[in-house]
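Under my numbering, the first residue of the sequence shown is numbered 14, with each subsequent residue one higher. All C-beta atoms in this analysis are idealised placements derived from N, C-alpha and C, irrespective of residue type, glycine included. All remarks here apply to the structure that follows.
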Amino acid sequence: MNHHISDMLDGLENAGQPITPHSGSAERVKALTLSRLKQEEAALRRRRFRPLQIAAAALAAVLLLGGSVFAAWKLGAFRFTDEFGKAGETLDAYAQSYPQDAADAIPADFGYASWVKAEAGDYNLVLLELNAGDGQLRATLDVSPKDESVPPYRESGLTLAFADYETVTESSEKGAWRDRVELSAALDEPLAADAEITLSLSRSGEAPALASFPLNALDERREALESTDRRHYAVAAETKDYRFSLRTLSVSPSIIYAVLDAEALTDYGKAHLDVVPEFAVYNGTHQSSGSLLDARLVGSEENLRRYLIGFVGNLPVNEVGDSIGFEILEIFEDGDTVGHPYYLFDVKLEALIPDAVTLSVPEGAPSGSITWQSIRVETVGLTVDGLQGEFEYEPGYPAVTLVFRDGTQETVLDGETWHAGSPRSDHDAAISSFTGQHDGTAHLSLIFAQPLDPADLAAVIVDGQTFYYVP
C-alpha cells in the first residue's frame, strides 16, 4: 500500500491532533508545510525508495511539526507561481531572486532623507512641495505640534497661508497629530527662482508665527542629496526599528514588480509591524517617475511581513543593466511625530521580461473625452496613450475590458479601482497613473491583480474603442 503525506496529515487532524503552529497564520503555514513535504515525497519517489521508506520519511517529518521546528518556521523563497499559480510562471522565469543573507544591510543612518523643515510657534513645518508656475504659487506642508501638550493644527484655530498673498488653504488629517496642508495663491507676475516665500501661521487677534523658504529650497535640497552619492548597491537596509530586505525583482519594459520583507528589530517595530510603509520602486538609471501599486501583503509570520509592490510607467524605460531604486516614501519610527522618507538601496537589473504586445488603430468612436490611440500590454499590466478633447475633461476612470481568445471577457477597470489587497476578479486592475499633459496627450497605466500572457488576448476595449491583437 502506498502511504501519502497528505493522508497522514488528514488522519492526525481527524483524530483530534491538529497540526497547528504556536503563532498565527495556521492555515498558511500548514499549507506551506504540506507543500514542502510533498516535494520531499516526490524526490524520494524519483530515487525509487520503497513505500515503507517513504512512509518512514513522512512520519519523521510529521513528528517534527509538533515541535519547535514548526513554531519557528521562516518564510521560504518567494515564487510568483505560489502567489498566482500558472500565471506567475513568466515572472518567475525572468525574476532576480536574493537569498535571505545575500548581503549586509545598509546601516540605519545612511538612507534617512528629510525635506526642508522649519518651526512656527508651537508647530513643526515640513515642506514637501513648493513651486510657482501657470500663474499659481503652490505649496504642500505637513504640520504637527512640537509635543502632545499642543493641539493638532486642525483643532488649533490657526490658519496657515502665504504672507502677502490671498491664499486658499486646504487641509487633511494624515495621522493623530499630523495634518497635510495644501496652499495656493494667484500670482500677478512670475517669481524669481530664489524669491523668498514667507508663511504665516496665525489666528485672529494674535501676531503670526512666521517661517520662510526660498522658492528653490527643494531643488537645493535634492542637489545636496545627489552630491552625497547616496546610491548604494545592496539588497537590505536597516532603519532604527526595522530591517527591509529584497526577495525578488521581476521587470518588463514598463513595469517593475518587487517583493520586500519588513522585519521588526525593536519592541516598537514589533508593535507597529502591521502599519504598512509607503514603498516606492523606480528606475534609478533614467530617473523615471512612476506611481505606486499599494503594497500587497503576501506573507506573514511573527516579527516579519512580506509585501508585493510595483508600478507601471507611462513609457518603456527599463533595460538590462539599469539601476532599480527602492525607497520608503514615509515611515514612522520610535519618537517620531512626523513621518519621513527613507532611501533603502539600489540593485542592478539583470533580466528583462520580453517586450510587450502593442495594439493600435482602434475601431469605434470613443465614449469619453479622450481618444485612445495605442495600447501596450505586458505580463502584469498595460499602458494606453491618447489625445484629450479641449476643455472636455470628465471625472472618473475609463472602462477597460479584456477580450480573451477563448471568447471570455473581463472588465478590469470601470469607474473604481480595487484596493491592492482585495481584487474583485482575476485580472482586476489598479491604476498606477492617469495623467493629462499640457500638449493634449493622456496616459493611463494599469497593473493587474494577476499576470497574464498577452498572447492570450484577442482584443482590449477602452471606453468603447476596440483594439485588436494581431499576432
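Residue i, DSSP secondary structure in three states
i    : result
R389 : strand
K283 : helix
D155 : strand
S184 : strand
E161 : coil
A90  : coil
E219 : coil
L486 : Since the first residue shown for the chain is 14 and the last is 484, residue 486 is missing from the structure and cannot be characterised.
G449 : strand
A455 : strand
A189 : coil
F97  : helix
R256 : strand
Y410 : coil
P227 : strand
A468 : helix
E233 : helix
T298 : coil
L104 : helix
L169 : One point to set straight first is that residue 169 is Ser, not Leu, in the sequence displayed. Of the three classes helix, strand and coil, the one that applies to S169 here is helix, per DSSP.
L395 : strand
V264 : strand
G477 : coil
Spatial neighbours of residue i in its chain, beta-carbon cut-off 8 Å, leaving aside the 5 residues before and after
i    : result
P467 : A369, V370, V390, E391, T392, Y482
T182 : T172, L173, A174, V194, E195, L196
V163 : D135, Y136, S169
F292 : L273, L305, A308, Y320, I322, F339, E340, I341, L342
E161 : W190
Cβ neighbours of residue i in the same chain (closer than 7 Å, five flanking residues each side left out)
i    : result
A206 : L228, N229
E487 : Residue 487 lies beyond the stretch modelled for the chain, which goes from 14 to 484, so this question has no answer here.
G352 : E343, I344, F345
Q401 : S382, I383, G449, G453, A455
T94  : G101, E102, D105
A523 : Residue 523 falls outside the range modelled here, since the chain spans only 14 to 484, and no answer is possible.
V129 : L140, F226, A230, L231, R234
P354 : A126, E340, I341, L342, E343
L200 : A145, G148, Q149, L150
Spatial neighbours of residue i in its chain, beta-carbon cut-off 6 Å, leaving aside the 5 residues before and after
i    : result
G399 : I383, T384, W385, Q386, A455
A222 : A133, G134, L214
G10  : Nothing can be reported for residue 10: it is not among the residues displayed for the chain, which extend from 14 to 484.
H17  : With a pLDDT of only 39 at H17, under 50, the local geometry of the prediction cannot be trusted, and the value read off the model is given with reservation. Nothing listed; no residue qualifies.
A442 : V425, L426, L459, F461
R92  : D105
V289 : A308
Q422 : T414, V416
F404 : Residue placement at F404 is poorly supported in this model, since its pLDDT is 48, which falls under 50; the coordinates are not used for a value here.
Y178 : A198
Assumed close pair residue i, residue j - CB separation to whole angstroms, cut-off 8 Å
i    : j    : result
T298 : S336 : 5 Å
Y255 : A277 : 6 Å
A224 : L138 : 5 Å
A108 : T279 : So it is not a contact: roughly 31 Å between Cβ atoms.
F358 : I119 : 6 Å
E209 : A121 : The Cβ separation is near 35 Å, so there is no contact.
G282 : L88  : So it is not a contact: roughly 17 Å between Cβ atoms.
T211 : A176 : 4 Å
Y111 : V248 : 5 Å
L204 : A145 : 5 Å
H440 : L470 : H440 to L470, Cβ: 10 Å. No contact.
is_contact[residue i, chain B] using C-beta, thresh 9 Å
i    : result
A176 : No chain B is present in this structure, which holds just one protein chain.
Do three or more CB pairs link the stretch 439-455 to the stretch 361-371 at distances below 8 Å?
-> When Cβ pairs closer than 8 Å are counted between the two stretches, the stretch 439-455 is seen not to touch the stretch 361-371, the count staying below three.
The stretch 250-269 in contact with the stretch 348-367 per 3-pair CB rule at 8 Å = Because the criterion of three Cβ pairs below 8 Å is met, the stretch 250-269 and the stretch 348-367 touch.
Ordered list of beta strand (DSSP E) runs contained in the stretch 300-380, each at least 3 residues | Here the runs fully enclosed are 306-314, 317-325, 336-344, 353-361, 370-373.
Is there contact between the stretch 90-108 and the stretch 132-152, where contact requires at least three CB pairs shorter than 8 Å?
-> Look at the beta carbons and you see the stretch 90-108 not touching the stretch 132-152: under three pairs across the two are nearer than 8 Å.
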